[in-house]
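Asker: Numbering (our numbering), first residue to last: 5 to 219. Quick one: the structure is below, and I'll ask about it shortly.
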Amino acid sequence: MSETIQTAAASRLTARGAKTRARIVATAADLMYVRGVGGTTLDDVVAASTASKSQLYRHFSDKAALVRAVIEFVGDRIIEGERGRLGAVRSFAGLRRWRDAIVEHNALHDGKYGCPLGSLANEVSDQDEIAREKLNELFMAWEELFRELLHRFQRDGSLPDDVDAGQLATGFVAAVQGGYLLAQTARNVAPMATAIDMSISHLSLLAGEQPRATA
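Here it is in structure tokens:
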């Protein structure tokens, strides 16, 4: 089943079918977050979701189609969450509170599983061009949230008008993703905290603040 046909079919789902599909995708997302894409089979998803194999194949022609749905599900959840959190940041103090929250959340498992989007990107970007393009769109959306935050800082005078908000936003996303990766391999969120602190310290210097000691 082509991507276009499958999308059209999804739009005609009954309420019950949509609920089953959503349960399959959410279950697959949870399994892939812990086990990885390669370590999660369709049989695993069937067993954990309590859906039948015929139900799974009614919605997804193969594993690649399911992974693409997982990417959309995980990506939309992350971007919507960050839109609310980053959208509420109006000061450097608020940005540091955002940093504390994201680091503390990752510390729940000692950084073991990394960023859900970053982990998916590492596994599928070289295998599935459609998935890679979707992941790129999601990372660009995340970067745009940082860019909007920095533009707010510029409008209220916290940052000079001549700094390149686009480049700084790219650096922020890179710091977050690199921090997730370092925390995952170290099983310790300290490197993640340091990576994000360095980005915030750079902004502080641009704003003329005295640099703070990193945690």
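The C-beta atom is built at its ideal place from N, Cα and C for all residues, glycine as well.
1. Could you have a look at I204 and say whether DSSP puts it in helix, strand or coil?
2. Round the Cβ separation of N110 and A187 to the nearest angstrom and send it over; I've been treating them as touching at under 8 Å.
3. Inspect the beta-carbon positions of H79 and L142 and report whether they are closer than 9 Å.
4. Answer with buried or exposed for Q181, where buried requires no fewer than 16 other C-beta atoms within 10 angstroms of its C-beta.
5. Which same chain residues end up closer than 7 Å to S203 when comparing Cβ atoms and leaving out the 5 residues on each side of it in sequence?
6. Using only the alpha-carbon positions, how far apart do A30 and A19 sit?
7. Ordered along the chain, which non-local residues of its own chain (more than five positions away) have a Cβ less than 8 Å from that of T24?
8. Using DSSP with H/G/I as helix, E/B as strand and the rest coil, what is D165?
9. Give the DSSP-derived three-state secondary structure of F150 in the structure shown.
10. Rounded to whole angstroms, what is the Cα-Cα separation between L209 and G43?
11. How about L121 and L154: do their beta carbons lie closer than 9 Å?
12. Which same chain residues, not among the five before or five after W146, have their C-beta less than 7 Å away from its C-beta?
13. Given a threshold of 16 other Cβ atoms within 10 Å of its Cβ, counted over all protein chains shown, does A135 qualify as buried or as exposed?
14. Roughly how many angstroms lie between the CA atoms of A26 and G161, to the nearest whole one?
15. Quick one: give me the first and last residue of the alpha helix (DSSP H) that Q59 is part of.
16. Is the distance from the Cβ of L70 to the Cβ of K57 below 9 Å?
17. Closest to R72 by CA distance: which of K138, L35 and A92 is it?
18. Under 9 Å between the Cβ atoms of L90 and F150?
19. Using the beta-carbon count (16 or more within 10 Å), is R191 buried or exposed?
Answerer: According to the structure data:
1. helix
2. 6 Å
3. His is not the amino acid found at residue 79; the sequence shown has Gly there. Taking 9 Å as the Cβ cut-off, G79 and L142 qualify as a contacting pair.
4. buried
5. G175, F176 and A179
6. 16 Å
7. A55, Q59 and H63
8. coil
9. F150 falls in the helix class under three-state DSSP.
10. 44 Å
11. no
12. If the five residues before and after W146 are omitted, its C-beta is found closer than 7 Å to the C-beta atoms of I83, E86 and V177, all from its own chain and listed in chain order.
13. Flag for A135 reads buried.
14. Straight-line Cα distance between these residues: approximately 44 Å.
15. K57 to H63
16. no
17. K138
18. yes
19. exposed
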